[in-house]
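Student: Handing you a structure now.
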Amino acid sequence: MLDGPTSAPSAPSGHTIPPESEQRVAQRCVDCGTPAPKTETNYTLISSRYGWRLTRTVDANGRRIMEWRCPSCYTRYRAKRPL
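Residue numbering for the sequence shown follows our numbering, beginning at 1 and increasing consecutively.
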């Protein structure tokens, strides 16, 4: 049992660590595994700024999924797909 109010854990610099729902998620290219460029937030557009592309597809179970691809892998992905 805890006594008193609880608070978010503190980062070493004294800043509060954001809740898990707000922490940055590291994206990787679905084809080659290259990590996406580091950004300040989850909301930075890596597609327009760095050339990464987000594609929608359907998995083997029929669920819609989103996949990130680096510029090189997206070029190969696009060349294999009919227009």
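All C-beta atoms, glycine included, are put in the ideal place defined by N, C-alpha and C.
1) Could you tell me the alpha carbon to alpha carbon distance between Glu67 and Arg28, rounded to whole angstroms?
2) How many angstroms separate the CA atom of Ala11 from the CA atom of Ser47?
3) Given a threshold of 16 other Cβ atoms within 10 Å of its Cβ, counted over all protein chains shown, does Arg69 qualify as buried or as exposed?
4) Would Arg56 and Ile65 qualify as a contact pair, given that the criterion is a beta-carbon distance under 9 Å?
5) Would you tell me roughly how many angstroms separate the C-alpha atoms of Ala60 and Leu45, rounded to the nearest one?
6) I'd like to know whether the C-beta atoms of Gly51 and Pro71 end up nearer to each other than 9 Å.
Tutor: For this structure:
1) 9 Å
2) In this prediction, Ala11 scores a pLDDT of 48, lower than 50, which makes its location untrustworthy; the coordinate-derived value is nonetheless stated afterwards. Rounded to whole angstroms, Ala11 to Ser47 spans 30 Å at the Cα level.
3) buried
4) yes
5) 28 Å
6) yes
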